[in-house]
Amino acid sequence: MKKRNYLFALFISISMTLVLLHDAIAEDPAVTRTRHQVHMLDTLYKNAVVLITDKYVTDPSVFSAASAAGALFQVMKDNGFHEVRLIGLTDVLINPAVNNPQDAFEEEVKHKLLAGEATHEEVVTIDGKRYLRMATAVPVVMERCVMCHANFKGVDGAIGSLVYKVPLIE
Ligand code: HEC
122 MKKRNYLFAL FISISMTLVL LHDAIAEDPA VTRTRHQVHM LDTLYKNAVV LITDKYVTDP
182 SVFSAASAAG ALFQVMKDNG FHEVRLIGLT DVLINPAVNN PQDAFEEEVK HKLLAGEATH
242 EEVVTIDGKR YLRMATAVPV VMERCVMCHA NFKGVDGAIG SLVYKVPLIE
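See the structure below:
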């Protein structure tokens, strides 16, 4: 009987520790909400780029979907919604001055995504305001990408990334 009481007390204390531990590492709901928004934006932007490339970009001289997306990203930034940019993770880039990784976070994105991770993220505070920086992988989703990016031929996995900086939905 005594032994059973002892085991019961042990069980209770382990359970309570697990509950406390779970609370300590439970995610900030603002981060969860914002990540969900990034997933929504990511689906929208990527499908737009694929659709434009598929239906309109039939020749290498045509204004690329990446350039169109860049113009769209600028509009979203000018309106104060969020920032997002397309970076290249390969050695040969069409626009290296702008699309190469540009800070420590983007270098880390390159490292992680080339190692096979689907996303990479961090929360930063700038002037007292919190932001989610989140990067998602861009693979060679269709044969036509190779028409302008010869170095993408036969490449599996990420060759680029959409890197977001979105104000946290507090
Ligand atoms: C019509 C030619 C064309 C096609 C087709 C094309 N791109 Fe691009 N891509 C560009 C141009 C031009 C840029 C540079 C845009 C800029 O920075 O303004 C670019 C930039 C990029 C970048 C950023 C790195 C860099 O090279 O500057 C990535 C990543 C990328 N494209 C991926 C893709 C993917 C994936 C596809 C297929 C869905 C694709 N591209 C199809 C012309 C093309």
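Using our numbering, the first residue of the sequence shown is number 122, and each one after it goes up by one. Cβ coordinates follow ideal geometry from the N, Cα and C atoms, glycine included.
Determine which residues share a DSSP beta bridge with residue i and list them.
i: Ser282; result: Ile208 and Ala258
i: Pro288; result: Tyr252
Reducing DSSP to helix, strand and coil, say where residue i ends up.
i: Pro150; result: helix
i: Val170; result: helix
i: Asn200; result: coil
i: Met268; result: helix
i: Thr164; result: helix
i: Phe194; result: helix
i: Asp180; result: coil
i: Val276; result: coil
i: Ser185; result: coil
Buried or exposed, going by whether 16 or more other CB atoms sit within 10 Å of the CB of residue i?
i: Arg206; result: buried
i: Met161; result: exposed
i: Val213; result: exposed
i: Lys231; result: buried
i: Ile280; result: buried
i: Asp163; result: buried
i: Arg254; result: buried
i: Thr153; result: exposed
Check: What alpha helix (DSSP H) runs, 4 residues minimum, are completely inside the segment 212-253?
Finding: For the segment 212-253, whole alpha helix (DSSP H) runs of length 4 or above, ordered along the chain, are 217-220 and 225-235.
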